[in-house]
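Here the structure comes first, spelled out in structure tokens, and everything after it is commentary.
Number of protein chains: 2
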Amino acid sequence: MAGIKDVAAAAGLSVATVSRALNNHPSVSPDARARVLAAVEALGYRPNAVARSLRTDQTRTIGLVISDVLNPYFTELARFVEEEARTLGYSVIIGNANEEPDLQDHHVRTLLERRIDGLLVSPADGRSPLMVDAAGGRTPMVFVDRWIPGVDVPVVRADGRQAIRDLVAHLHGLGHRRLAIIAGPAATTTGHERVEAFREALREYGLPLPDAYIGQGDFQADSGRRVTEEFLALPEMPDVVFAADNLMALGALDAVRARGLRVPQDIALAAFDDIPWFVHTDPPVTAIAQPVADLARAAVRALVDLIEGRPPQSVTLPARLVVRRSCGETPSTPSPNRSNL
Amino acid sequence: MAGIKDVAAAAGLSVATVSRALNNHPSVSPDARARVLAAVEALGYRPNAVARSLRTDQTRTIGLVISDVLNPYFTELARFVEEEARTLGYSVIIGNANEEPDLQDHHVRTLLERRIDGLLVSPADGRSPLMVDAAGGRTPMVFVDRWIPGVDVPVVRADGRQAIRDLVAHLHGLGHRRLAIIAGPAATTTGHERVEAFREALREYGLPLPDAYIGQGDFQADSGRRVTEEFLALPEMPDVVFAADNLMALGALDAVRARGLRVPQDIALAAFDDIPWFVHTDPPVTAIAQPVADLARAAVRALVDLIEGRPPQSVTLPARLVVRRSCGETPSTPSPNRSNL
DNA sequence: CTGAAAGCGCTTACAG
DNA sequence: CTGAAAGCGCTTACAG
Chain A
1 MAGIKDVAAA AGLSVATVSR ALNNHPSVSP DARARVLAAV EALGYRPNAV
51 ARSLRTDQTR TIGLVISDVL NPYFTELARF VEEEARTLGY SVIIGNANEE
101 PDLQDHHVRT LLERRIDGLL VSPADGRSPL MVDAAGGRTP MVFVDRWIPG
151 VDVPVVRADG RQAIRDLVAH LHGLGHRRLA IIAGPAATTT GHERVEAFRE
201 ALREYGLPLP DAYIGQGDFQ ADSGRRVTEE FLALPEMPDV VFAADNLMAL
251 GALDAVRARG LRVPQDIALA AFDDIPWFVH TDPPVTAIAQ PVADLARAAV
301 RALVDLIEGR PPQSVTLPAR LVVRRSCGET PSTPSPNRSN L
Chain B
1 MAGIKDVAAA AGLSVATVSR ALNNHPSVSP DARARVLAAV EALGYRPNAV
51 ARSLRTDQTR TIGLVISDVL NPYFTELARF VEEEARTLGY SVIIGNANEE
101 PDLQDHHVRT LLERRIDGLL VSPADGRSPL MVDAAGGRTP MVFVDRWIPG
151 VDVPVVRADG RQAIRDLVAH LHGLGHRRLA IIAGPAATTT GHERVEAFRE
201 ALREYGLPLP DAYIGQGDFQ ADSGRRVTEE FLALPEMPDV VFAADNLMAL
251 GALDAVRARG LRVPQDIALA AFDDIPWFVH TDPPVTAIAQ PVADLARAAV
301 RALVDLIEGR PPQSVTLPAR LVVRRSCGET PSTPSPNRSN L
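Spelled out as structure tokens, the structure:
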């Protein structure tokens, strides 16, 4: 395969000049530039980014480690991250942790060995020693969505507290009193924060959150199924199940359906994270929507600021409640008719 | 950051020996190996994959260019591709073309410059010159799902012909006679093949497929919306709309709903590509399911065979019809109750 | 079993 | 504006 030397030979110039021409260095004569371009074209030359990276010590690549690609929330996040990164001249390599701590570590290690310029992470496991000392290393790092307390790294995330309070108000207004939650893993911030916000909101209404109404999930559909089955088997079934992510809501829907029950008549359902399909499920699902595109953009910008030596900015954006019909009654404000895709 | 030289110094050995120890070369004494490992640990040494790649001329990375990450079909494909690749010792870099030919080319170019060992592609645009001559280049390449006729590259894909025939039989059995299709871009194989298979199946039942019943979509939700609106505005509205992918089915659902019509009473709906949410939509959507995991695995294996000098294998796997309620009547065989996630 | 040395394909001071 | 040369961090014949 043609290298820069071949181009230089074909153009009758040194490799130094070819390199300059290719990198738009100002001091290259128009004539030289033209000959280089012609030679590149003729030989079908494609610069070797590996060699360039070794020499310049930058890969113009950022790593994105997410907990689960199959979760539409993260898929969307990844899509916007790539878009913003591309705009700023970076590629992104995605590492999918699949909610498995070992797999997360595998990807972090691999990305670090590949010398990515920066790392965007939504930690699947906040206790991973590797992750913690990667944060202490010299590879710039930013947390998105989930983060690790006590680790000094910028965080870009959504705050769902108010939206959860709105949700509880909505549920209370519909007469629901026995509210249950399917939580995410305790080792993740979003895993316990959502429970805490829920508990706090319930307290404002003088409602209890008994242990039996806190199901331990792992953000995957299966756990939503399992926890919901347990809820349904309780002597006093909850009026509402709030799933801390959309996949567990899917599982909950499966479980309710398997029992032959109906939403919301027999049991109500709400989810954290909105997805286009929630408009068309039976019934449409009330959900808390995060400003995913904005989060992705802010996260990339913070990371690139860090990479390029500017002060990065932590960002917290509010999530918002989108009322549909899965908790009862038709919403008075008609919900938008499109699925945002 | 510690390099191999530092490790060598700390271990009191040459870099050559350190390198051998790290690469599990047989001729390294147990003592040397132990000292190397200790030094690596002490210094927190992380091998530089960029340097290694430059030297060995392999990156142990494959590129995956897909048409749209937000399409659950491709998300799932990507997930399984990564899994299989990891098993075989490769990383994968995903390039999301977003159904935009220019973006597809951008990613192909970037991946080639990064010297990935092989390329897995589902072409968003079969006419891209870059793509065609990349196929002729020396980077091993395999097509998944979509391919480019006339280009000599192994293809791993699903054949939906029989499933589409089954679908038409199902529709005909329910008394539907005016069948319409939302097609994908003509520049993609899946874009026109699905239309052809549909047309052929209709012919077997003596049914026409008038031009007015062929809507031109682009595999994105918006186009499904637009085309469906056109169908609904026809003097003679179709009985059924068959969307050539799941995103266009989403758009179709939006459009039907916006018009205040009901599925399947007013108009029936079916989709190519099954997704977990189709179990819970209102109504559950009849769809054609591809064996995604198997396709992903076969594609990676074919590519790695090519990379490692073994003869690759093109593979075609059958898709299958999953009957639910969106075309009318309750299916006699109860559909599975879980959403496969 | 170990080490000295060449070289992968670039970029970039340095000199002219 | 251009070129000769060093060097990025590894791996791998080659010699011992």
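As you go down the protein sequences, you meet chains A and B in turn.
The letter at position 207 of the first sequence is residue 207 when you use full-length UniProt numbering, and the numbering goes up by one with no holes.
The letter at position 220 of the second sequence is residue 220 when you use full-length UniProt numbering, and the numbering goes up by one with no holes.
No residue lacks a Cβ here, since even glycine has one placed at the ideal position from N, Cα and C.
- For B/D117, there is no enclosing alpha helix (DSSP H), since its DSSP letter is neither H nor E.
- Contact between the region 266-282 of chain B and the region 313-329 of chain B is present: 3 or more CB-CB pairs across the two stretches fall below 8 angstroms.
- A/I94 has a beta carbon lying within less than 8 angstroms of a beta carbon in chain B.
- Using a 10 angstroms sphere on the CB of A/D31, the tally of other CB atoms stays under 16, which defines it as exposed.
- The closest CA to that of A/V292, considering only A/R35, A/L54, A/R127 and A/E83, is found on A/E83.
- Judged by DSSP in its simplified three-state form, A/R79 adopts helix.
- With contact defined as three or more Cβ pairs closer than 8 angstroms, the region 103-114 of chain A and the region 127-135 of chain A are in contact.
- If you check each beta-carbon in the region 77-88 of chain B against every beta-carbon of chain A, the ones closer than 7 angstroms belong to A78, R79 and E82.
- Using a Cβ distance threshold of 8 angstroms, B/L247 and B/G215 do not count as a contacting pair.
- By the Cβ test, the region 81-97 of chain B is in contact with the region 54-67 of chain B, since at least three Cβ pairs between them sit closer than 8 angstroms.
- Judged by DSSP in its simplified three-state form, A/M237 adopts coil rather than helix or strand.
- One Cα belongs to B/V279, the other to B/N98, and the distance between them is close to 26 angstroms.
- By the neighbour-count criterion, in which 16 or more other beta carbons inside 10 Å mark a residue as buried, A/Q290 falls on the buried side.
- Listed along the chain, the chain B residues whose CB falls inside 7 angstroms of the CB of A/A51 are L54.
- Around the C-beta of A/S27, fewer than 16 other C-beta atoms lie within 10 Å, and the residue is accordingly described as exposed.
- By alpha-carbon distance to A/A197, the top candidate from A/F242, A/G173, A/D218 and A/E230 is A/F242.
- Residue pairing for B/A163: DSSP places it in no beta bridge.
- By the Cβ test, the region 252-268 of chain A is not in contact with the region 298-318 of chain A, since fewer than three Cβ pairs between them sit closer than 8 angstroms.
- Contact annotation: in the region 16-42 of chain A, no residue has its CB less than 8 angstroms from a CB in chain B.
- With a contact defined as Cβ atoms closer than 8 angstroms, A/A298 and A/V156 qualify at about 5 angstroms.
- Remark: C-beta atoms of A/S53 and B/V50 approach each other more closely than 8 angstroms.
- For A/F198, there is no enclosing beta strand (DSSP E); the enclosing alpha helix (DSSP H) has its first and last residue at T189 to E204.
- Residue burial annotation: B/M1 is exposed, with fewer than 16 other C-beta atoms found within 10 angstroms of its C-beta.
- Under the DSSP assignment, A/Q104 falls in the alpha helix (DSSP H) whose first and last residues are P101 to E113.
- Cβ-Cβ separation between B/A9 and B/P154: approximately 48 angstroms, too far for a contact (criterion under 8 angstroms).
- Contact of B/E229 with chain A by beta-carbon distance below 8 angstroms is absent, the smallest such distance being about 12 angstroms.
- The continuous alpha helix (DSSP H) containing A/M248 extends over residues N246 to A258.
- If you compare the alpha carbons of A/V18, A/N48 and A/G328 with that of A/A34, the shortest gap goes to A/V18.
- Contact of B/L70 with chain A is assigned, a C-beta pair being separated by under 8 angstroms.
- Here B/E230 has G215 as same chain residues with Cβ atoms under 7 angstroms from its own Cβ, once five neighbours each way along the sequence are excluded.
- If you ignore the 5 residues before and after B/L112, its C-beta comes within less than 7 angstroms of the C-beta of A134 and T139, all in its own chain and listed in chain order.
- With respect to chain A, the C-beta atom of B/L171 has no partner C-beta closer than 8 angstroms.
- Residue pairing for B/T281: DSSP places it in a beta bridge opposite A/T281.
- For B/G206, the closest of B/R178, B/G191, B/A221 and B/H192 by C-alpha to C-alpha distance is B/R178.
- In the DSSP assignment, A/V65 is bridged to A/G95 and A/V121.
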